[in-house]
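The structure appears below as structure tokens.
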Amino acid sequence: MTAAVPDHVRTRLWRDGRLVAENYPLAEVSEHLQDEGALVWVDLHDPTHRELSDVADELDFDPHAVEDVVAHAERTKVTRYATHTFMTIYATSLANESEPADAHGSRLRITRVSVFVVPRGLVTVHRGTGLDVGEVMRRWDDNSDLLRHGTAALLHGLLDVVVDGQFETIQGLDDAIEELEDGLFDERAHIRALQRHTYRVRKELVQLRRVVLPMREVVAAVMRHRAERGNSVELDGWYTDLYDHVIRATEWTESLRDMVTTVFETNLSLQDARLNMVMRKLTGWAAIIAVPTAVTGWYGQNVPYPGFGQWSGVLSSTAIIAGSAGMLYIVFKQRNWL
111 MTAAVPDHVR TRLWRDGRLV AENYPLAEVS EHLQDEGALV WVDLHDPTHR ELSDVADELD
171 FDPHAVEDVV AHAERTKVTR YATHTFMTIY ATSLANESEP ADAHGSRLRI TRVSVFVVPR
231 GLVTVHRGTG LDVGEVMRRW DDNSDLLRHG TAALLHGLLD VVVDGQFETI QGLDDAIEEL
291 EDGLFDERAH IRALQRHTYR VRKELVQLRR VVLPMREVVA AVMRHRAERG NSVELDGWYT
351 DLYDHVIRAT EWTESLRDMV TTVFETNLSL QDARLNMVMR KLTGWAAIIA VPTAVTGWYG
411 QNVPYPGFGQ WSGVLSSTAI IAGSAGMLYI VFKQRNWL
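Take the position in the sequence shown, starting the count at 1, then add 110; the result is the number in our numbering.
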């Protein structure tokens, strides 16, 4: 009787580019990898330490690579070992404004994907929901004729989905920066909210830059390795296009970094300009009020006024002072002068 496969484990088997088996037990993986015409994929979503250890032992993965999978923070990289190649890449997405931000106030969602590349298969390990595995499988199914070229085709489909996700994230941050630019010169915009959003986008862009820029070296290393082994040239065009996308994502990220820095500096300059304008207005009104105050104070004028010498006069003058001060406070508060 065939053992049941857990929901968080996915397996596929191709022969000559055709899908022949799916969701078979992990115990059969090593057997399928011995088949010259087989192509194997194993995906572990939030695996337990026992499951990860069993797969690593069965497929003879390097202990250092397994440690990188369970480590809390690893940079984007690719490392070649004697029996396999290991790489760490990151799938990204941007949460909607309606969705809650993370503990650091960022909308950026980053999912680490650990990939073991063996001669006839691919093993992926990821946590969370950031990687759209369904989209990866659709890419493979839509280009099933490429799968006869082996592991390189599987790896290309995975990297292509990750890079496309990074492109969508960069586009989202680009739109956010455009909104910040529109709010810079909007007199009705709330300054504090604008500053908070600018800082958040700047932090999200720094986080994204850390995982996007190293992808250039990862894809370049894969292409060099294929060239050294003399693999089929039919995939060269696909990898060249993928590398072009990575370059565009890198350049776009760098340009957004310059843009958000410009927005940040422009916001500070506009704040200084607005502060100078407020000070000029307040200084002008203070000068206008100072003239009659100086004259009456110099001559010590103390003329009778309505209610002079009566409690009603004291109360009315107090009410006028309080009302005038309150009105000025409201006006200044509405203009963000206070």
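Ideal placement from N, C-alpha and C gives every residue a C-beta, glycine not left out.
| Item | Value |
| --- | --- |
| Verify the contact flag: Arg160, CB atom, against every heavy atom of the ligand MN, threshold strictly below 8 Å. | Although the ligand MN was asked about, the structure shown includes no ligands whatsoever. |
| Assign Asp156 to one of three DSSP states: helix, strand, or coil. | coil |
| Can you give me the C-alpha to C-alpha distance between Arg334 and Leu264, rounded to a whole angstrom? | 17 Å |
| Val235 lies in the beta strand (DSSP E); which residues open and close that run? | Gly231 to His236 |
| By a C-beta neighbour count over all protein chains shown, 10 Å radius and 16 as the cutoff for buried, is Gln444 buried or exposed? | exposed |
| Would Val228 and Thr234 be called neighbours here (beta carbons separated by less than 9 Å)? | no |
| Can you give me the Cβ contacts of Thr308 inside the same chain, cut-off strictly under 8 Å, excluding the 5 residues immediately before and after it? | Leu290, Val370, Val373, Phe374 and Asn377 |
| The alpha helix (DSSP H) with Ser140 in it runs from where to where? | Val139 to Leu143 |
| Suppose the cutoff is 7 Å on Cβ atoms and the five residues either side in sequence are ignored; what does the same chain contact list for Arg319 look like? | Thr363 and Arg367 |
| Secondary structure at Arg334, three-state DSSP: helix, strand or coil? | helix |
| Using CA atoms only, rank isn't needed, just tell me which of Lys313, Met389 and Met325 is closest to Leu352. | Met325 |
| Are there three or more Cβ pairs, one per stretch, closer than 8 Å when the region 179-196 is compared with the region 274-293? | no |
| For a quick check, are the C-beta atoms of Leu143 and Leu169 less than 9 Å apart? | yes |
| Between Ile220, Ala148 and Pro116, which lies nearest to Pro157 when the distance is taken from Cα to Cα? | Pro116 |
| With distances taken Cα to Cα, identify the nearest neighbour of Val130 among Leu257, Val223 and Tyr191. | Leu257 |
| Could you tell me which of Trp348, Asp178 and Ser216 sits nearest to Lys313, measuring between CA atoms? | Ser216 |
| How do the region 195-209 and the region 127-141 stand: do at least 3 beta-carbon pairs fall below 8 Å, yes or no? | no |
| Determine the DSSP secondary structure at Ala181, reduced to helix, strand or coil. | coil |
| Quick check on this structure: which residue in Val328, Val119 and Ile440 has the alpha carbon closest to the alpha carbon of Leu269? | Val328 |
| Out of Thr279, Ala396, Thr189 and Asn253, point me to the one whose CA is closest to Gly240's CA. | Thr279 |
| Using only the alpha-carbon positions, how far apart do Glu146 and Arg230 sit? | 8 Å |
| Give the DSSP-derived three-state secondary structure of Glu146 in the structure shown. | coil |
| Cβ of Val150 within 9 Å of Cβ of Arg122? | yes |
| My parser needs the alpha helix (DSSP H) runs of 4 or more residues fully inside the region 244-311; what are they? | 261-294 |
| According to the Cβ coordinates, are His355 and Asp242 closer than 9 Å? | no |
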